[in-house]
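Here's the structure, in structure tokens; my notes come after.
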Amino acid sequence: MASFVSSHKGKDKLVYEGFIYLKNRNGVENKRYWRCENYKSSKCPGTVLTDSDNKVLVLNDHNHGPSPTRIELARIKDNINKAAVTSSLSPRALVSKQLAGISDKAKTELPKLKNLEKTVR
1 MASFVSSHKG
11 KDKLVYEGFI
21 YLKNRNGVEN
31 KRYWRCENYK
41 SSKCPGTVLT
51 DSDNKVLVLN
61 DHNHGPSPTR
71 IELARIKDNI
81 NKAAVTSSLS
91 PRALVSKQLA
101 GISDKAKTEL
111 PKLKNLEKTV
121 R
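For what it's worth, full-length UniProt numbering labels the leading residue of the sequence shown as 1, then goes sequentially.
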């Protein structure tokens, strides 16, 4: 099942089968083309197409394995940004609340707490 998270610039990222995709372009009839977030860094050819119902068609496979940790981190950052809009908690309390229960592997790859708190302000 496809889902979406927001980038730090507020743009949609597609999460599908353990990979994160960035929107490449819009096609005809509400179709959107997405490419792997590792397109530039590792020349990954992974691309998918979504229709208006967000059904996904895989066009090209990846040259690397899925990354569940990166997806977990993307969801955490997205949740922090969404909570910052509606919450009256301090940045530190908000970030601490969102980080409760994350995996140990994700903890090692998180940015510094001070930097996460700055995104809330």
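A virtual CB, placed ideally from N, CA and C, is assigned to each residue, including glycine.
Rounded C-alpha distance that separates residue i from residue j
| i | j | result |
| --- | --- | --- |
| residue 17 | residue 56 | 10 angstroms |
| residue 111 | residue 76 | 11 angstroms |
| residue 60 | residue 34 | 11 angstroms |
| residue 101 | residue 85 | 22 angstroms |
Neighbour-count burial assignment, residue i, 16 or more Cβ in a 10 Å radius
| i | result |
| --- | --- |
| residue 108 | exposed |
| residue 116 | buried |
| residue 25 | exposed |
| residue 38 | buried |
DSSP-derived helix/strand/coil call for residue i
| i | result |
| --- | --- |
| residue 95 | helix |
| residue 73 | helix |
| residue 26 | strand |
| residue 112 | coil |
| residue 122 | Lying before the first or after the last residue shown, residue 122 is absent from the chain, which here runs from 1 to 121. |
Whole-angstrom C-beta distance between residue j and residue i, which should lie under 8 angstroms
| i | j | result |
| --- | --- | --- |
| residue 94 | residue 120 | 6 angstroms |
| residue 30 | residue 7 | That pair is no contact at about 21 angstroms. |
| residue 105 | residue 50 | With a Cβ gap of about 29 angstroms, residue 105 and residue 50 do not count as contacting. |
>> What ranges does the beta strand (DSSP E) occupy inside the UniProt domain "FLYWCH-type" (4-64), keeping only unbroken runs of at least 3 residues that lie completely in it?
In response: With a minimum length of 3 residues, the continuous beta strand (DSSP E) runs that stay inside the UniProt domain "FLYWCH-type" (4-64) are 12-16, 19-26, 32-36, 47-50, 56-60.
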